[in-house]
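Mapping the sequence shown onto full-length UniProt numbering, position 91 (from 1) lands on 91, and the numbers just tick up by one.
Some notes on the structure that comes next.
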Amino acid sequence: MTHPYYPQDMQLDYLSPALSKEIILCAMGAASALVLLLGWQLMSLLNPALTTRAKATASWFLYCGLLHIHFEGYFIKYRNSLASRTDVIGELWKEYALSDSRYLLGAKAEGEFVVGIEALTVVFLGPLCLLTFLATVFESPKRHPMRLLACCCHVYGVLLYYVTATVGGNKHCRPEFLYFWIYYVGCNIPWLIIPTILGWRSFQVMAKAVEMMNAGMACKKRK
């Protein structure tokens, strides 16, 4: 059966979408908003003294953790049959795949990178993000090292994702503005920008703590 993906000569076991693009995207938006709203309320209960900035940071890691484990976990589970899935999450993946059809190739050669990086994301980065969420909410001293680690993983993963696609000429992305700039760029760039900001903040806090510790040790030696 013909399909709308690039390159157009790919062989896929493709089934046409059972849901409209509008329904799929609205479902994703509603689910995301619900997670953030409930997460914000949960943080207010667990730690009423938490600042707005800390809540915003924790919300980011909560959203990332659930997205990695649930949404990307779905991809790993159905990676070899994604093109024929007709449930809401499957349809959402098929919609995104218009910007990167490697997600429909499963274990085939050109799909190996996304399967590998997503598997690591599900197994390692998802749980790390949820632990970082808890560490942030409870203001654990470990929150900054955990944030920095998670942020470095996000930045590195996104850079690898873009580099591998670009080296191949972005041949798996449809050329339309929606698919290249909104899906391919817009849906991934937040995981480059936000982790860079959060990671830099945590790096500064950790550097300052080490500086103060060194200054304290120097004072003790002089005594």
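A virtual CB, placed ideally from N, CA and C, is assigned to each residue, including glycine.
Every value quoted in this text rests on a predicted model; they were computed, and no experiment measured them.
Measure the alpha-carbon distance for residue i versus residue j and round it to whole angstroms.
i, j, result
"S101", "W40", "35 angstroms"
"A135", "R143", "5 angstroms"
"L66", "L105", "24 angstroms"
"W93", "P190", "18 angstroms"
"I193", "R201", "13 angstroms"
"A31", "A58", "18 angstroms"
Between the options, which lies nearest to residue i when the distance is taken from Cα to Cα?
i, options, result
"S140", "P4, V115, T166 and N47", "N47"
"I69", "M212, A31 and G126", "G126"
"G199", "K108, F113 and A150", "A150"
"E176", "L82, W60 and S99", "S99"
"V115", "C187, I76 and L50", "I76"
Does DSSP classify residue i as helix, strand or coil?
i, result
"N214", "helix"
"R143", "helix"
"Y179", "helix"
"H172", "coil"
"M10", "coil"
"K220", "helix"
Would you call residue i buried or exposed, if buried means 16 or more other Cβ atoms sit within 10 Å of its Cβ?
i, result
"M43", "buried"
"V185", "exposed"
"V137", "buried"
- [ ] Decide if the stretch 71 to 85 is in contact with the stretch 150 to 168; the criterion is three or more beta carbon pairs, one per stretch, under 8 angstroms apart.
- [x] Verdict: no, contact absent.
- [ ] May I ask you to verify whether the stretch 82 to 90 touches the stretch 158 to 170, counting CB pairs closer than 8 angstroms and requiring at least 3?
- [x] Fewer than three Cβ pairs drawn from the stretch 82 to 90 and the stretch 158 to 170 lie within less than 8 angstroms of each other, which leaves the two stretches out of contact.
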